[in-house]
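These notes are about the structure you will find just below.
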Amino acid sequence: MRIFLDTANIEHIRHAARLGIISGVTTNPSLVAKEGAIDFKTAVLEICSIVPGPISVEASSLEVQGMLEEARRLSSWAPNIVVKIPVSEAGLEAISVLSKENIKTNFTLCFSANQALLGALVGATYVSPFVGRLDDVGHQGMEVVADAVEIFKKYNLPTQVIAASIRHPLHIIAAAKAGAHVATVPYNVLMQMIHHPLTDIGIARFAEDWNRVIKQR
Ligand code: G3P
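Take 250 as the starting number for the sequence shown in the numbering used here and just add one per residue.
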């Protein structure tokens, strides 16, 4: 399973890229808005230059023609741009056109295996089940990931499943076990994956012993 970073924060993307962990980035309008008054195109191009892998950028239009125009424009900015299109009738129609134009898409705001299957049938490059938001309303979000993976495998559908709306490290383990192709992870959760109190205690104790005994020899 590959790990993408779910953010529009340039410093966080730079840091995660330096660590060598991430192979893509996903953004959405809320994540972009969180960064304040940034120039959208400049920010997207900077992200594309930092991470050579897929960079998901969301289309804002809600009707087919608008989605098509936006997707063509966004995808012309850089070869690694993936256009996020929300699950909807218009979204399905748009993706069925865009897939024939070889424009990469991410079928987003996916909350059921049926929606994921439809996305795959119209040729979406990725589908993104929102695990955390389903958990929030009392559903097992990861079941959608597992079901989509199983169905795509069964019918040799090339669409990849991105476990999105990840809230904590256990989600990532569950996504990997469910066979997700990608988990897109917020920066704080990525840091939680790295750090463990016992590792920190172990490093401190080894350093202490080194300085106390070994260094004096
Ligand atoms: O990639 C989609 C994801 O950002 C949604 O996450 O935490 O807003 O549910 P969240």
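Each residue gets a CB set at the ideal place from its N, CA and C atoms; glycine is no exception.
Bear in mind that the values here come from a model prediction, so they are computed numbers and not experimental data.
- Val300 is a Cβ neighbour of Val274, given a cutoff of 8 angstroms.
- By the Cβ-count criterion, Tyr404 is exposed, with fewer than 16 other Cβ atoms from all chains shown falling within 10 Å of its own Cβ.
- Per DSSP, the beta-bridge partners of Ser305 are Thr275, Val331.
- Around the CB of Asn460, fewer than 16 other CB atoms lie within 10 Å, so the residue is classed as exposed.
- The segment 405-421 makes contact with the segment 363-379; the number of CB pairs closer than 8 angstroms reaches 3 or more.
- The beta carbons of Ile296 and Ala320 sit no closer together than 8 angstroms.
- Contact check between the segment 342-357 and the segment 381-391: fewer than three CB pairs, one atom from each, fall below 8 angstroms, which does not count as touching.
- In this structure, Phe360 and Leu341 do not form a Cβ contact; the two beta carbons are roughly 15 angstroms apart against a cut-off of 8 angstroms.
- Sequence-distant Cβ neighbours of Ala425 in its own chain, meaning closer than 8 angstroms and more than five residues away, are Met250, Ala432.
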